[in-house]
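In this note's numbering, each residue's number is its place in the sequence shown (first place is 1) plus 146.
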Amino acid sequence: MSFLEGTLTTIALCWRIERRDGVTIGLTDHDRDLVINGLAHRAAPGMTPSAIKRSAGLEADTMDITGALTSAAIAEGDLLAGRWDGARVALFAVDWTGSGATQVALGEGTIGAVETDRGAFTAELRGVSAALERPVVEATSPECRAELGDKRCRVAMAGRRRIVRVTGAAGQVVTVDAVEPSDNGYGAGLLRWIGGANGGLESAIARSAGWTVTLRSAPALPVVAGDLVELIEGCDKSLATCAARFTNAVNFRGEPYLPGIDLLTRYPGA
């Protein structure tokens, strides 16, 4: 029998939060730390869940979690930098005395929208049904819909990733200690921050030239010379690039010769 069927005098709510980079923390609204399944759940009395909205249809199940920003658990800088975006969250209730069947699952999902205000944060927890909001069937497009190096593209990425050091940064422009492999070789690629204040984050690359890469948006946190980064080559998703640069036209996932919607506006003699 679940302890929830009795008098609720020893109940505590717990959250297990696992970031995409593998960092996992546990929090509880109890007044002392609890160790559950080998993970220490730190006391965070300010953590408060909203009502869990469950739907019988295909609407996404959602719940909000509100709590205080603390440097020891969830810092404002990490939230604003996006380190907690997409983190997996499991909410459950426990009997903090540890007697009998003590754990009851209440909800599970990923962190969506996050808001901060005056030392507190509110995170939206989106249930597994949120995945159904995505299109089921791909739409046609002249550009390739695969990602460079994925199972549909099949381009080998072993020689297209390079570990380099930052020598300077100004806004969206980052200078590194190694020249690009080809003209705009990192354009539409990815920069992964390995060290420094941005460690664990990723930045999309707009274009590259020589020793510099221009990011689509400035790094979330300060960059200093010596920071270690990984540069991953990109692709502009055109058939010409796929054939000439990667010799991979056979795996191109687009329809470059399919007439567009403008065909409907044409008239005889146009």
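The beta carbon of each residue, even a glycine, is placed where N, CA and C say it ideally should be.
Own chain, CB closer than 6 Å to residue i, minus 5 neighbours either side, in chain order
{"i": "Ile163", "result": "Ile171, Ala233 and Val235"}
{"i": "Arg298", "result": "Ala292 and Arg399"}
{"i": "Ala352", "result": "Thr360 and Arg362"}
{"i": "Gly110", "result": "Absent from the structure is residue 110, since the part of the chain shown begins at 147 and ends at 416."}
{"i": "Glu402", "result": "Looking at the sequence itself, residue 402 is Pro, so the reference to Glu does not match. If we look at Pro402 and ignore the five residues flanking it on each side, its Cβ neighbours are Pro288 and Leu385."}
CB-CB length for residue i against residue j, believed under 8 Å
{"i": "Val322", "j": "Val359", "result": "7 Å"}
{"i": "Gly356", "j": "Val312", "result": "Actually they do not touch by this definition, with Cβ atoms about 15 Å apart."}
{"i": "Ala334", "j": "Gly380", "result": "3 Å"}
{"i": "Ala190", "j": "Leu173", "result": "4 Å"}
{"i": "Val310", "j": "Val370", "result": "Not quite, the Cβ-Cβ distance comes to about 15 Å (not below 8 Å), so this is no contact."}
Separation of residue j from residue i, as counted between CA atoms
{"i": "Ile378", "j": "Leu409", "result": "38 Å"}
{"i": "Glu254", "j": "Glu348", "result": "25 Å"}
{"i": "Trp161", "j": "Ser328", "result": "47 Å"}
{"i": "Arg165", "j": "Pro368", "result": "22 Å"}
{"i": "Ala302", "j": "Leu337", "result": "18 Å"}
{"i": "Asp426", "j": "Leu225", "result": "This structure cannot settle anything about residue 426, because the visible part of the chain is limited to 147 through 416."}
{"i": "Arg300", "j": "Trp339", "result": "25 Å"}
{"i": "Val250", "j": "Asp177", "result": "19 Å"}
Own chain, CB closer than 7 Å to residue i, minus 5 neighbours either side, in chain order
{"i": "Glu289", "result": "Lys383, Ser384 and Gly400"}
{"i": "Gly203", "result": "Annotation note: pLDDT 46 at Gly203 (below 50); position unreliable, coordinate value reported separately. Nothing meets the Cβ criterion."}
{"i": "Pro229", "result": "Position check: residue 229 holds Arg in this sequence, whereas Pro was assumed. Arg165, Gly346 and Leu347, listed in sequence order."}
8 Å CB neighbourhood of residue i in its chain, flanking five on each side removed
{"i": "Asn330", "result": "Arg353, Ser354 and Ala355"}
| query | Quick check: the segment 255-273 against the segment 180-189, are there 3 or more CB pairs under 8 Å? | reply | Look at the beta carbons and you see the segment 255-273 not touching the segment 180-189: under three pairs across the two are nearer than 8 Å.
| Is the number of C-beta pairs between the segment 309-320 and the segment 351-368 that are closer than 8 Å three or more? | The count of Cβ pairs closer than 8 Å, one atom from the segment 309-320 and one from the segment 351-368, reaches three, so the stretches are in contact.
| message | Could you tell me which whole alpha helix (DSSP H) segments of length 4 or greater appear in the segment 216-300? | response | Counting only unbroken stretches of 4 or more residues, the alpha helix (DSSP H) elements lying wholly within the segment 216-300 are 222-227, in sequence order.
| task | May I have a chain-ordered list of the beta strand (DSSP E) segments no shorter than 3 residues that lie completely inside the segment 336-382? | result | With a minimum length of 3 residues, the continuous beta strand (DSSP E) runs that stay inside the segment 336-382 are 336-339, 348-355, 358-361 and 374-378.
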